[in-house]
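Some notes on the structure that comes next.
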Amino acid sequence: MMNIFSRKNKLEDELFNMKFTAKTLLRNAKKCEKNQVAQIAS
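Residue numbers for the sequence shown follow the working numbering, so the first one is 1203 and each next one is one higher.
Take a look at the structure:
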């Protein structure tokens, strides 16, 4: 029975990490686009 809960916790942790990573990647992509536009403009 504990094995099921352990797996669920691991999956929830993995899901959280994936969501966090996705948000970080999107944030970094926006920064890169902003920098690219600034470089082109200057």
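Even glycine gets a Cβ: it sits at the ideal position worked out from N, Cα and C. The structure displayed is predicted, hence computed values, not measured ones.
Close-in-space but distant-in-sequence residues of the same chain around residue i (CB under 6 Å, 5 per side omitted)
i: CYS1234; result: none
Contacts around residue i, its chain only, beta-carbon distance under 8 Å, and the 5 residues preceding and following it disregarded
i: ALA1231; result: none
Residue i Cβ short of 6 Å to the ligand HEM heavy atom set
i: ASP1215; result: Judged by which ligands are present, the structure shown has none, so any question about the ligand HEM falls away.
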